[in-house]
Amino acid sequence: MEVEKGKTAKYLRDKQGVSEQVKENLKAFTQIKKRILDALKESDMTILQLSQKLEMPTHEVMYNLLSMVKFGWVETGEIDDMDEYYTYKLKQ
Amino acid sequence: MSSTKNSVSYDALVVGAGIAGGEAALNLAVNGFKVLLVEKDLSVGGNMIKLSKVFPTLDCSACITTPKVSEISRHPNITIFTGSEASNIRRVADNHFVANITRQPRYVRVEDCTACQLCEKACPVSVRDQYQFGLIGRKAAYIPFSIASPKAAAIDIENCTLCGACERACPTNCIDFTQEVEHLEMQFKTVILATGFEMFDANRIPRYGFGKYKNVLTSLQMEREIAPTRPFNTILRPSDGKVPDKIAYVLCVGSRDASVGNPICSQICCMYSIKQSQLLMGALPMADVTIYYINIRAFGKGFEDFYQQAKGMGVNFVKGKVGSISETENGNLMLRYEDINEGIVKEEEHDMVILSVGVLPNEGTTSLFSEEQLMLDPYRFVHQTDGLANPSHTSIDGVFVAGTATGPMDIPDAILSAGSASSEAISYLLK
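One line per chain: the protein sequences are A and B, in this order. Letter 35 of the first sequence, counting from 1, is numbered 35 in this note's numbering, and no numbers are missing. Take any residue in the second sequence, count from 1 to its spot, add 92: that is its number in this note's numbering.
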């Protein structure tokens, strides 16, 4: 069967579907991303501050936040006076 | 979903496109032989391309690897299949092997991909990046890493929502979800095995807390943290993003340890740990770095000087066997160890611990052959039937072995071994 270029994802989706786990993972990441971005709209924050504000374990904030830095939504700010923790801010 | 294609023939099949397999393929190719280089990963370059620097010279690993990878990729006598595996290799006559090659779909037409990363930007999915050893996420539409070869996108179909955002963003229409698994049957005159090694799984020693305590990392994770293409802007501990200032290395994790089934020395762990400690001292000048060791095996050219250099830089070497690691309330780690010189048990707190994991054989190598048996040595590496005079010979005539498939070794030795294997293969081809 000839499938039109640029529309092949629909072909495979119709053919094999998408697992519930994959959909759940996307939903979870989208929610975390929104919560982190909303929090950073208020002020620049460290991972510890974000963890407290979002009531999320620090390692989960770390993983998702640094992924968001990689994806270009967040950037690294200044380090604190003790040279221990960086702040993170929305990418302009 | 799969398709089967007819037979094509090459002079040599090289299994594994790490530094040894690539070197062996290149040696054959420059001598006029047609080579099929089969790699299960999405990029050529193996483990070396992911390293920060090499010991004992501290040369940039990528700067050494990428020109070599580029030469391999462009050579007209080398055909590269990434995302592919060989199986059912069998001899049908003298100087004549047949192998099944399975090519997994990349869902991207590599020849049309410009590596613009627009698909990556459009993809809404985030999953753990295996090339950064899980320290950070990546998209389901992604370029494996910045110096990958081929530098082209791939779709992680297991985690893809098939939303089509990547296709809509792609300016060259190179994304193709109609691709299927290809099964090929190919003919060869000789085979070189360069299947490499596997790293010891640190989860197998629960008392060290890997996977449970977020600030216990493996040496490969730290290798990524100090590489130019690192996951974070600097060295950070994964529990809370703190810049660490008291880092410990635990040597011989999963090597020289009969209790985990690997009694032999992995040969590279002492030196890569010393290398990393020097790089850490450079990146974090105020940090304290301690290496807990049983013996430092600085046996190679320049290794002892490199070890002394680390001492001179202030790296603290403690002759001690670490028994267990526990976590304190602030995420720091308490090491309980036997001070071998004093003969007493001590405890020391660090804010990050690196497990210098050992080298294990690649267990998939023996199953490549269907009719003749590839013999292994007592440690399950490929047996060298004439280890002194012809170290690349295996138990199967016409099949040669290169690099760490024969046992732990460093990069120069792997390249030397590849030279030996390719020379033997050429002699065999010219018989």
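Just so it is clear, CB atoms sit at the ideal spot from N, CA and C, and this is done for glycine as well.
Heavy atom of the ligand ADP within 7 Å of residue i beta-carbon
i             : result
K89 (chain A) : Of ligands this structure carries none, so the ligand ADP is not represented either.
Listed by chain order, chain B residues near residue i by CB distance under 9 Å
i             : result
K23 (chain A) : T253
M34 (chain A) : Residue identity differs from the one stated: residue 34 (chain A) is Lys in this sequence, not Met. What K34 (chain A) touches in chain B: nothing, since even the nearest Cβ is about 12 Å away.
V18 (chain A) : C252, T253, L254, C255
Residue i: contacting residues in chain A (beta-carbon distance under 7 Å)
i              : result
D268 (chain B) : T8
K403 (chain B) : Those do not exist, as K403 (chain B) stays about 25 Å from chain A at its closest Cβ, beyond 7 Å.
K306 (chain B) : H59
V200 (chain B) : Chain A residues near V200 (chain B): none, gap ~11 Å exceeds 7 Å.
Rounded Cβ spacing between residue i and residue j (contact assumed at less than 8 Å)
i              : j              : result
S311 (chain B) : V449 (chain B) : 6 Å
K403 (chain B) : Y429 (chain B) : Contact doesn't hold; Cβ gap of about 19 Å is too wide.
L120 (chain B) : I507 (chain B) : With a Cβ gap of about 15 Å, L120 (chain B) and I507 (chain B) do not count as contacting.
I141 (chain B) : A154 (chain B) : 7 Å
P330 (chain B) : Q224 (chain B) : That pair is no contact at about 11 Å.
L343 (chain B) : I284 (chain B) : With 8 Å as the limit, L343 (chain B) and I284 (chain B) do not qualify as a contact, their Cβ atoms being about 32 Å apart.
A28 (chain A)  : L254 (chain B) : At roughly 18 Å, the Cβ-Cβ gap does not stay under 8 Å, so A28 (chain A) and L254 (chain B) are not in contact.
Chain-ordered chain B contacts of residue i [CB-CB under 7 Å]
i             : result
S67 (chain A) : S218, I228, G229
R13 (chain A) : L254
L26 (chain A) : P216, V217, T253
V3 (chain A)  : T270
Length of the line joining the Cα atoms of residue i and residue j
i              : j              : result
D44 (chain A)  : A112 (chain B) : 47 Å
N422 (chain B) : V219 (chain B) : 27 Å
H475 (chain B) : S487 (chain B) : 7 Å
V437 (chain B) : V308 (chain B) : 21 Å
M93 (chain B)  : E272 (chain B) : Because the pLDDT of M93 (chain B) is 48, which lies under 50, any placement of that residue in the model is unreliable, and the number read from its coordinates should be weighed accordingly. Roughly 6 Å separates the two Cα atoms.
N192 (chain B) : V491 (chain B) : 16 Å
V493 (chain B) : S512 (chain B) : 9 Å
L427 (chain B) : M444 (chain B) : 11 Å
G415 (chain B) : D248 (chain B) : 39 Å
E75 (chain A)  : Y88 (chain A)  : 6 Å
T158 (chain B) : T287 (chain B) : 20 Å
K23 (chain A)  : R13 (chain A)  : 13 Å
F269 (chain B) : G17 (chain A)  : 13 Å
G72 (chain A)  : L90 (chain A)  : 9 Å
T321 (chain B) : F237 (chain B) : 8 Å
G221 (chain B) : I235 (chain B) : Strictly speaking, residue 221 (chain B) in this sequence is Asp, with Gly absent from that position. Answer to the nearest angstrom: the Cα atoms are 11 Å apart.
Proximal chain A residues relative to residue i, where beta-carbon distance stays under 9 Å
i              : result
D332 (chain B) : T46, I47, L48, S51, T58, H59, V61, M62, Y85
V493 (chain B) : Ordered by position in chain A, no residue passes the 9 Å Cβ test against V493 (chain B), which lies about 38 Å from the chain.
Reference residue i; option with closest CA among the options
i              : options                        : result
H188 (chain B) : B:D489, B:A379, B:G124, B:A244 : B:D489
E317 (chain B) : B:K281, B:A375, B:Y305         : B:A375
A185 (chain B) : B:I339, B:T282, B:S509, B:V445 : B:T282
V335 (chain B) : B:I356, B:H442, B:C361         : B:H442
K70 (chain A)  : B:A513, B:D469, B:N325         : B:N325
C208 (chain B) : B:D502, B:D268, B:A233         : B:A233
P355 (chain B) : B:I172, B:C361, B:S347         : B:S347
N25 (chain A)  : B:G333, B:P320, B:N251, B:T270 : B:N251
L54 (chain A)  : A:Y11, A:K33, A:Y85, A:Q92     : A:K33
R230 (chain B) : A:V74, A:M68, A:E20, A:Y11     : A:M68
Y399 (chain B) : B:I284, B:I360, B:A109, B:A154 : B:I360
Y471 (chain B) : B:G353, B:S515, B:A245, B:A390 : B:G353
L372 (chain B) : B:F237, B:E396, B:L328         : B:L328
M291 (chain B) : B:L425, B:M501, B:E203         : B:M501
E60 (chain A)  : B:D151, B:L227, B:A109, B:V190 : B:L227
P504 (chain B) : B:D151, B:N180, B:R299, B:I388 : B:D151
C-beta atoms of residue i and residue j nearer than 8 Å
i              : j              : result
R201 (chain B) : C266 (chain B) : yes
H485 (chain B) : T498 (chain B) : no
S135 (chain B) : T174 (chain B) : yes
D431 (chain B) : N408 (chain B) : no
R183 (chain B) : E463 (chain B) : yes
H167 (chain B) : L118 (chain B) : yes
L65 (chain A)  : L50 (chain A)  : yes
F147 (chain B) : M363 (chain B) : yes
S176 (chain B) : S241 (chain B) : no
I417 (chain B) : Y305 (chain B) : yes
G537 (chain B) : V161 (chain B) : The structure shown has nothing for residue 537 (chain B), since chain B only spans 93 to 523.
Y384 (chain B) : V410 (chain B) : yes
A319 (chain B) : L447 (chain B) : no
S358 (chain B) : V451 (chain B) : yes
A510 (chain B) : G495 (chain B) : yes
G333 (chain B) : Y86 (chain A)  : yes
E212 (chain B) : A245 (chain B) : yes
C258 (chain B) : C205 (chain B) : no
N169 (chain B) : K132 (chain B) : no
F280 (chain B) : Y520 (chain B) : no
Cross-chain neighbours of residue i in chain A, by beta carbon under 8 Å
i              : result
P323 (chain B) : L66, K70
E259 (chain B) : G6, K7, T8, A9
V445 (chain B) : Near V445 (chain B) there are no residues of chain A at all, since even the closest Cβ is about 15 Å away, more than 8 Å.
Proximity test, Cβ basis, 8 Å: residue i and chain C
i              : result
N265 (chain B) : Absent from the structure: chain C. Protein chains present are A and B.
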